[in-house]
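Novice:
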Amino acid sequence: MAEPPVLPERAAGVLLHPTSLPGPGVGDLGQPAARFIDWLASAGQQFWQILPLVPVDAGGSPYNGLSALAGNPLLVSPDLLVEQGLVSRSDAEPPVDCRRERVDFPSVLRWKEELLHSAYRAFREGAAPQLADPFEAFRTAHGSWLRDYTLFRALRAEHGGASWLEWPDDLMRRTPPALEAAARRLADQVERFAFQQFLFSRQLQSLRRHARDRGIRIIGDIPIFVAHDSADVWANPDIFELDADGAPTSVAGVPPDYFSATGQRWGNPLYRWDVLRRRDYDWWVARFRRTLEMVDIIRVDHFRGFEAYWEIPASEATAVNGRWVAGPGAEFFHRIEAQLGRLPLIAEDLGLITPEVDALREALGFPGMRVLQFAFDGDPSNPHLPANYTTEAVAYTGTHDNDTILGWWSEVSAAERQRVRRAMGVEDPVAWDFIEAVFASSARLTIAPMQDLLGLGSEARMNTPGRTEDNWSWRIPAGEPGTEVAGRLLELARRTGRARDR
1267 MAEPPVLPER
1277 AAGVLLHPTS
1287 LPGPGVGDLG
1297 QPAARFIDWL
1307 ASAGQQFWQI
1317 LPLVPVDAGG
1327 SPYNGLSALA
1337 GNPLLVSPDL
1347 LVEQGLVSRS
1357 DAEPPVDCRR
1367 ERVDFPSVLR
1377 WKEELLHSAY
1387 RAFREGAAPQ
1397 LADPFEAFRT
1407 AHGSWLRDYT
1417 LFRALRAEHG
1427 GASWLEWPDD
1437 LMRRTPPALE
1447 AAARRLADQV
1457 ERFAFQQFLF
1467 SRQLQSLRRH
1477 ARDRGIRIIG
1487 DIPIFVAHDS
1497 ADVWANPDIF
1507 ELDADGAPTS
1517 VAGVPPDYFS
1527 ATGQRWGNPL
1537 YRWDVLRRRD
1547 YDWWVARFRR
1557 TLEMVDIIRV
1567 DHFRGFEAYW
1577 EIPASEATAV
1587 NGRWVAGPGA
1597 EFFHRIEAQL
1607 GRLPLIAEDL
1617 GLITPEVDAL
1627 REALGFPGMR
1637 VLQFAFDGDP
1647 SNPHLPANYT
1657 TEAVAYTGTH
1667 DNDTILGWWS
1677 EVSAAERQRV
1687 RRAMGVEDPV
1697 AWDFIEAVFA
1707 SSARLTIAPM
1717 QDLLGLGSEA
1727 RMNTPGRTED
1737 NWSWRIPAGE
1747 PGTEVAGRLL
1757 ELARRTGRAR
1767 DR
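Counting in our numbering, the sequence shown runs from 1267 upward without gaps.
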């Protein structure tokens, strides 16, 4: 068996996406994130797990990003822009429609776009001259993906946000004369979107230095598939299963499972793994390299798709009528690591997991995931029961796709409640009883969602799979997390041998 990723023998962390932090309109990479890192350190934690940091549309889903390589401009801190002299203090104050308890993505996107446009105009007029050389260095270093992304965003804006399938045929098909003319016509817009990425990257790297200084490592996320309406598919149509007009011929999803009786039809275009293999997986190499510039450890979402993935004809309305197709397997990871070195990965191996998927993960030496909410089906060999955890596992009370512990407990069947009570030895368990169960387990790393640490109900759920509205918008209540929660978490981490005391 290959060596596992470098993780402490016993450690703990918290799952909280940056958009859920306090901040003007939406959480960002400035003081809200820095203060949260300080809070994690005070609570004896070593890891902060987040969701993908990609740019999002008005739906807010980080799993439906406009690019797999770019950063989310919503996370750029207005306060840091004020400090650099790029915007005024009044500009940094969000309008009334952004000042809500939950993130209103359409409103926040409009405001942040205007704010970042103002920052770019100020920069072009001579503000923050110390950024000029670093900006040019950033554009040079990241040109391989930045050119396609910024032109894609400029064209998308020119066409009112329409999908690239609806652009004029020569732009949709990327004929060189059309691309060259667009790059000249939209040069200012292209540079503006590049400047947004520069600001995001600069703020994120500053935050990562702060995290390293405080002993905190960041676990990020790579979804196996990408959105059809993205710079990735537009710029690389040959590596995706598309017809002559750019539409997917088959799409990704999963068959009926715990979350949905008709499965989940995600709609992402599938890869042409044969083409990628001939190219030595160059696009994936760039994707892993870029993600590791943003985070320390990567959780690979839907790892099972590398062993076999569910192929759904694009004409099907649900995921029921699909079929399993063999994925690229271990060779994919070996060839990526031959170019990048050992990959610090966690395999998201949830859902319908076969012995073949387990064998692939174990052969590669990647720790898998265990989720306590899945443990109580009555099967004593259930791998999600804490008694069955292996050392090489990352254990959760729930993930971003689960209900909170409190919400889940309020909906479980009477039979499942009895199994929980017997397993945990508590008549009416609360969220912290479940947190303690995973902390006390043999899993090398445990992660607690912030919602469970705060004992919140279903109103705080981050995502409901299969639902298209009211996801991703949860924000942490004012004043939380406080010193009381930090003290309790520190005590638990110490008692279970997971604390990093300072």
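All C-beta atoms, glycine included, are put in the ideal place defined by N, C-alpha and C. Since this is a predicted model, take the numbers as computed values, not measurements.
Could you work out which residue in SER1373, PRO1522, PRO1400, LEU1672 is closest to GLN1471 when comparing CA atoms only?
Specialist: It is PRO1400 whose Cα lies nearest to the Cα of GLN1471.
Novice: Do the CB positions of LEU1335 and TYR1415 come within less than 8 angstroms of each other?
Specialist: Going by C-beta atoms, LEU1335 is nearer than 8 angstroms to TYR1415.
Novice: Could you check the C-alpha separation between GLU1507 and ILE1490 for me, to the nearest Å?
Specialist: Distance between the alpha carbons of GLU1507 and ILE1490 is about 15 angstroms.
Novice: Please list, in chain order, all residues of the same chain as LEU1341 whose beta carbon is under 6 angstroms from its beta carbon, the five residues on each side excluded.
Specialist: Around LEU1341: PRO1284, ASP1294, LEU1295.
Novice: Is ASP1643 buried or exposed, if buried means 16 or more other CB atoms sit within 10 Å of its CB?
Specialist: The residue is exposed, with fewer than 16 neighbouring Cβ atoms inside 10 Å.
Novice: Give me the Cα-Cα distance between GLY1326 and VAL1320, rounded to the nearest whole angstrom.
Specialist: Rounded to the nearest angstrom, the two C-alpha atoms are 10 angstroms apart.
Novice: What runs of the alpha helix (DSSP H), each 4 residues or longer, lie entirely inside the stretch 1709-1748?
Specialist: List check, alpha helix (DSSP H) in window: 1716-1719.
Novice: Is DSSP giving TYR1415 helix, strand or coil here?
Specialist: Three-state DSSP puts TYR1415 in a helix.
Novice: So, are the CB atoms of PRO1633 and ALA1613 less than 8 angstroms apart?
Specialist: Yes. Within cutoff.
Novice: Candidates ARG1390, ALA1407, ASP1345, VAL1492: which alpha carbon is nearest LYS1378's?
Specialist: It is ASP1345 whose Cα lies nearest to the Cα of LYS1378.
Novice: Using a Cβ-Cβ cut-off of 6 angstroms (strictly less than) and excluding sequence neighbours within five positions of GLN1717, which residues of its own chain qualify?
Specialist: Contacts found: THR1670, ALA1726.
Novice: Out of VAL1353, ILE1713, PRO1288, which one is the CA nearest neighbour of ARG1365?
Specialist: For ARG1365, the nearest C-alpha among the options comes from PRO1288.
Novice: Suppose the cutoff is 8 angstroms on Cβ atoms and the five residues either side in sequence are ignored; what does the same chain contact list for PHE1554 look like?
Specialist: These residues qualify, in order along the chain: ILE1488, ILE1564, ILE1602, LEU1606, LEU1609.
Novice: Based on DSSP bridge pairs, tell me the residues matched to ASP1567.
Specialist: DSSP, once it has assigned bridges, lists PRO1489 as partnering ASP1567.
Novice: With DSSP run on the structure shown, which of helix, strand or coil describes TRP1430?
Specialist: If DSSP states are grouped into helix, strand and coil, TRP1430 belongs with the helices.
Novice: Between ALA1497, PRO1522, TYR1537, which lies nearest to THR1515 when the distance is taken from Cα to Cα?
Specialist: It is TYR1537 whose Cα lies nearest to the Cα of THR1515.
Novice: For the stretch 1461-1547, which segments carrying the beta strand (DSSP E) assignment without a break, of at least 3 residues, lie completely within its bounds, in sequence order?
Specialist: Here the runs fully enclosed are 1483-1489, 1516-1520, 1530-1535.
Novice: In whole angstroms, what separates the C-alpha of TRP1411 from that of SER1526?
Specialist: When rounded, the distance between both Cα atoms is 36 angstroms.
Novice: Quick one: grab the DSSP three-state call for VAL1313.
Specialist: The sequence given here places Phe at residue 1313; Val does not occur at that position. If DSSP states are grouped into helix, strand and coil, PHE1313 belongs with the strands.
Novice: Just grab the DSSP bridge partners of VAL1637 for me.
Specialist: Answer is TYR1662, bridged to VAL1637.
Novice: Roughly how many angstroms lie between the CA atoms of ASN1338 and SER1354, to the nearest whole one?
Specialist: If I take the Cα positions, the gap works out to 22 angstroms.
Novice: Hey, would you say the C-beta of ASP1479 is under 7 angstroms away from at least one heavy atom of the ligand NAD?
Specialist: The ligand content of the structure shown is nil, which means the ligand NAD is not present either.
Novice: Nearest to PHE1569 by alpha carbon, out of SER1581, ALA1596, ALA1407?
Specialist: Selected option, being the one with the closest Cα: ALA1596.
Novice: Would you identify the three-state DSSP class for ALA1278, choosing helix, strand or coil?
Specialist: Of the three classes helix, strand and coil, the one that applies to ALA1278 here is strand, per DSSP.
Novice: Just checking: is the beta-carbon of GLU1622 within a distance shorter than 8 angstroms of some beta-carbon in chain C?
Specialist: Of the chains in the structure shown, none is chain C; there is only one protein chain.
Novice: Which whole-angstrom value is the C-beta distance of GLU1577 and GLY1588, which I expect to be below 8 angstroms?
Specialist: Between GLY1588 and GLU1577 the Cβ distance is about 6 angstroms, and since that is below 8 angstroms, they are a contact.
Novice: Using CA atoms only, rank isn't needed, just tell me which of PRO1274, LEU1382, GLU1349 is closest to PRO1360.
Specialist: When only C-alpha atoms are compared, the closest one is LEU1382.
Novice: So what's VAL1751 in DSSP terms, helix, strand or just coil?
Specialist: VAL1751 falls in the helix class under three-state DSSP.
Novice: With distances taken Cα to Cα, identify the nearest neighbour of ARG1710 among ARG1764, ASN1729, TRP1740.
Specialist: That would be ARG1764, whose Cα lies nearest to the Cα of ARG1710.
Novice: State yes or no: is the C-beta of TRP1314 within less than 8 angstroms of the C-beta of VAL1292?
Specialist: No, the Cβ-Cβ distance between TRP1314 and VAL1292 is not below 8 angstroms.
Novice: Straight-line CA distance for GLY1519 to THR1734?
Specialist: If you take the alpha carbons of GLY1519 and THR1734, they lie about 15 angstroms apart.
Novice: In the DSSP output, what is TYR1655 paired with across the bridge?
Specialist: In the DSSP output, where bridge partners are listed per residue, TYR1655 has none listed.
Novice: Would you mind giving the Cβ-Cβ distance between PHE1242 and LEU1758, rounded to the nearest angstrom? I have them listed as a contact below 8 angstroms.
Specialist: A query on residue 1242 cannot be resolved here, the shown segment of the chain reaching from 1267 to 1768 and no further.
Novice: Three-state secondary structure (DSSP) at VAL1591?
Specialist: Three-state DSSP puts VAL1591 in a strand.
Novice: With a threshold of 16 other CB atoms inside 10 Å of the CB of SER1647, please say whether the residue is buried or exposed.
Specialist: Exposed.
Novice: Once you ignore the five residues that flank THR1762 on each side, which residues in its own chain have a CB closer than 7 angstroms to its CB?
Specialist: Cβ within range, chain order: PHE1705, ALA1706.
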